[in-house]
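Okay, so the sequence shown: first residue is 12 according to my numbering, each after it adds one.
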Amino acid sequence: MFWDREDRKPLLVVGIDPGTTVGCAVLSLDGEVLALFSERGLGQDGAVAALHALGRVVVLGTDKSAAPSLVQKLAARFGARLVAPNRDLSIEEKRELCGAEGKNPHEMDALASARFSLKSIQQLLRKMERQLSDAHAEEDAYEVAKVMLTTPDVNVKQALELLHPLERPAPVPHVAEPLAPRAPEPPELARMRRERDALAQQNLTLKKVLSKLRRKSKRVAEALSRREETPERVASQSSQRALENALKQLAVLRKELQERDRALASGMVVLKPLANLSKGEWGVQRRFLRPRKGDIFLVRDPNTASSQVVEELSAVCDTLVYLEPPKSISPELAVRFVLLDGSSLRVQHIGPFALASRDDIDSLRSSRVNVDRLLVEHRERLL
Numbered sequence: 012m013f014w015d016r017e018d019r020k021p022l023l024v025v026g027i028d029p030g031t032t033v034g035c036a037v038l039s040l041d042g043e044v045l046a047l048f049s050e051r052g053l054g055q056d057g058a059v060a061a062l063h064a065l066g067r068v069v070v071l072g073t074d075k076s077a078a079p080s081l082v083q084k085l086a087a088r089f090g091a092r093l094v095a096p097n098r099d100l101s102i103e104e105k106r107e108l109c110g111a112e113g114k115n116p117h118e119m120d121a122l123a124s125a126r127f128s129l130k131s132i133q134q135l136l137r138k139m140e141r142q143l144s145d146a147h148a149e150e151d152a153y154e155v156a157k158v159m160l161t162t163p164d165v166n167v168k169q170a171l172e173l174l175h176p177l178e179r180p181a182p183v184p185h186v187a188e189p190l191a192p193r194a195p196e197p198p199e200l201a202r203m204r205r206e207r208d209a210l211a212q213q214n215l216t217l218k219k220v221l222s223k224l225r226r227k228s229k230r231v232a233e234a235l236s237r238r239e240e241t242p243e244r245v246a247s248q249s250s251q252r253a254l255e256n257a258l259k260q261l262a263v264l265r266k267e268l269q270e271r272d273r274a275l276a277s278g279m280v281v282l283k284p285l286a287n288l289s290k291g292e293w294g295v296q297r298r299f300l301r302p303r304k305g306d307i308f309l310v311r312d313p314n315t316a317s318s319q320v321v322e323e324l325s326a327v328c329d330t331l332v333y334l335e336p337p338k339s340i341s342p343e344l345a346v347r348f349v350l351l352d353g354s355s356l357r358v359q360h361i362g363p364f365a366l367a368s369r370d371d372i373d374s375l376r377s378s379r380v381n382v383d384r385l386l387v388e389h390r391e392r393l394l
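Written out as structure tokens, the structure reads:
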């Protein structure tokens with residue numbers, strides 16, 4: 012797809028139907044339904060965790076003209092563009108947008124909100140795609156879309172300049188004392204740090220844009236102080252609104268950086284669920300779960316397994332957690348994976364995903380290592 016990058020989380024358009032039961036619909040920029048679910052009592056933190064596991068939220072919409080509090084708070088936490096209709100969508104309009112999809116009214120309203128939001132940015136997406144193609148910069152489509160959809164009053168040229176600033180001379184490296192080797196970071200933690208660093212860089216570029224807008228606003232204000240109502244006054248008001256919007260986006264980015272830091276320190280691990288390891292289950296869930304290096308999968312029935320699925324899964328995953336004790340474990344599974352008994356694991360289900368404490372996972376790993384060591388020692392004594 013034009014907007015996708017294999018090494019990055021997909022850009023998401025999300026529709027939310029708040030209430031006692033919260034409906035959530037997640038679309039790609041190409042309109043593909045990536046997730047559609049509803050959950051009773053789903054709070055703000057739970058929604059953030061579930062959506063963060065799916066990708067990078069850039070547009071968040073509602074079917075109400077006055078955006079509900081939950082939708083506003085989620086848009087602020089993700090730094091996403093908030094889309095609301097001029098008037099509440101009617102039942103007929105929502106049916107036209109979502110058809111018969113959705114298991115209940117909450118999911119149908121969320122899907123209608125997401126598709127209305129995507130429809131509202133289609134013209135901007137087509138313009139971005141055309142200008143990027145003309146500039147032979149298709150490889151920057153992901154980053155340009157992320158900047159333009161979350162930052163007001165930035166065009167393609169400015170977005171490309173933010174992404175590719177003029178090169179500066181590299182500083183003279185400081186020769187430091189050699190440090191003792193450290194244990195490698197878990198892949199998930201390293202990925203979150205990279206995302207945090209990318210947000211920090213975007214924060215820096217936004218500060219530069221703000222500085223430029225402040226200077227422009229000051230010049231126009233000084234001119235207006237010597238004149239009466241003129242076209243320049245109208246331009247000044249527009250610049251002031253752009254400045255205020257940019258300030259809000261900067262505050263959102265700062266808050267998102269803080270959220271990422273808290274996530275890094277929270278010690279939670281995302282578990283991606285599979286009913287079993289059959290071809291049918293893997294074929295349905297693979298595109299939705301988007302397996303990445305270092306993922307941990309929660310498998311309910313590890314005995315039902317396909318050799319092809321086991322081989323594909325072992326390329327990105329070295330750990331399987333099962334909840335129901337298996338009747339038997341095939342040698343292929345035992346060789347390719349670290350198998351952890353999760354029957355005592357405290358698991359928190361959020362939408363389609365599950366969260367578990369990293370300390371609990373590490374404790375299960377440690378127990379598994381001790382059991383393996385005792386078995387080896389027992390075999391050696393028998394020999």
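C-beta atoms are modelled at their ideal positions from N, C-alpha and C, and glycine is treated no differently.
- Inclusion of Arg357 and Ala367 in the CB contact set at 8 Å is warranted, their separation being smaller than that value.
- The beta-bridge partner set that DSSP reports for Met203 is empty.
- Sorting Gln133, Arg137, Ala286, Trp293 by C-alpha distance to the C-alpha of Glu322 places Trp293 at the top.
- Across the structure, Ser317 and Leu288 are spaced so that their CA atoms are roughly 6 Å apart.
- For a cut-off of 8 Å, the C-beta gap from Leu23 to Val68 is around 5 Å, short enough to register as a contact.
- For the options Asp151, Leu160, Cys109, the alpha carbon positioned closest to that of Met119 is the one of Cys109.
- Counting other Cβ atoms within 10 Å of its Cβ, Val346 stays below 16 and is therefore classed as exposed.
- Beyond the five residues adjoining it in sequence on each side, Arg369 comes within less than 6 Å, by CB distance, of Gly278, Val280 in the same chain, given in chain order.
- Here Leu356 carries a coil assignment [DSSP, helix/strand/coil].
- Of the residues assessed, His117 falls on the buried side of the cut-off, its CB having 16 or more other CB atoms within 10 angstroms.
- When secondary structure is reduced to three states using DSSP, Thr315 falls in the strand class.
- For the options Ser128, Leu300, Arg19, the alpha carbon positioned closest to that of Val70 is the one of Ser128.
- If the five residues before and after Val327 are omitted, its C-beta is found closer than 7 Å to the C-beta atoms of Pro302, Arg303, Lys304, Asp306, all from its own chain and listed in chain order.
- A contact between stretches requires three or more CB pairs, one per stretch, nearer than 8 Å, and the segment 51 to 68 fails this requirement with the segment 143 to 151.
- Taking a C-beta distance under 8 Å as the contact criterion, Val37 and Leu81 do not qualify as a contact pair.
- Inclusion of Leu331 and Pro313 in the CB contact set at 8 Å is warranted, their separation being smaller than that value.
- When rounded, the separation of the alpha-carbon atoms in Leu334 and Pro29 is 32 Å.
- The beta carbon of Asn256 is closer than 6 Å to those of Pro163 in its chain, skipping five residues each way along the sequence.
- Between Asp99 and Ser76, the CB-CB gap stays under 8 Å.
- Asp151 carries a helical assignment under DSSP once its states are collapsed to helix, strand and coil.
- The alpha-carbon of Thr216 is positioned some 15 Å away from that of Ala156.
- Going by C-alpha positions, Ser354 is about 38 Å away from Ala209.
- Per DSSP, Ala78 is not a residue of any beta strand (DSSP E), being assigned neither H nor E.
- Cβ contact annotation for Asn115 (same chain, cutoff 7 Å, sequence separation greater than five): Ser49, in chain order.
- Taking C-beta atoms under 8 Å as the contact rule, Val59 and Arg88 qualify, at a distance of about 6 Å.
- Only residues of its own chain outside the window of five on either side were considered, and among them Ser317, Gln319, Val320 have a CB closer than 7 Å to the CB of Lys290, listed in chain order.
- Counting the other Cβ atoms within 10 Å of the Cβ of His175 gives fewer than 16, which makes it exposed.
- Just so you know, the alpha carbons of Met139 and Gln359 end up roughly 40 Å apart.
- A direct Cα-to-Cα measurement between Lys229 and Arg252 gives close to 13 Å.
- Apart from the 5 residues on each side of it in sequence, Ala170 sits with its Cβ closer than 6 Å to the Cβ of Val155, Val158, Met159 in its chain, given in chain order.
- Sequence-distant partners of Lys227 (beyond 5 residues in either direction) whose C-beta falls short of 7 Å from its own C-beta, in its chain, are Ser250.
- Leu285 sits away from Ala365, with the two beta carbons spaced by 8 Å or more.
- Rounded to whole angstroms, the Cβ separation of Asp373 and Phe348 is 17 Å, and the two are not in contact under 8 Å.
- C-alpha of Arg297 to C-alpha of Ala95: approximately 32 Å in a straight line.
- For Leu22, the enclosing beta strand (DSSP E) stretches over residues 22 to 28.
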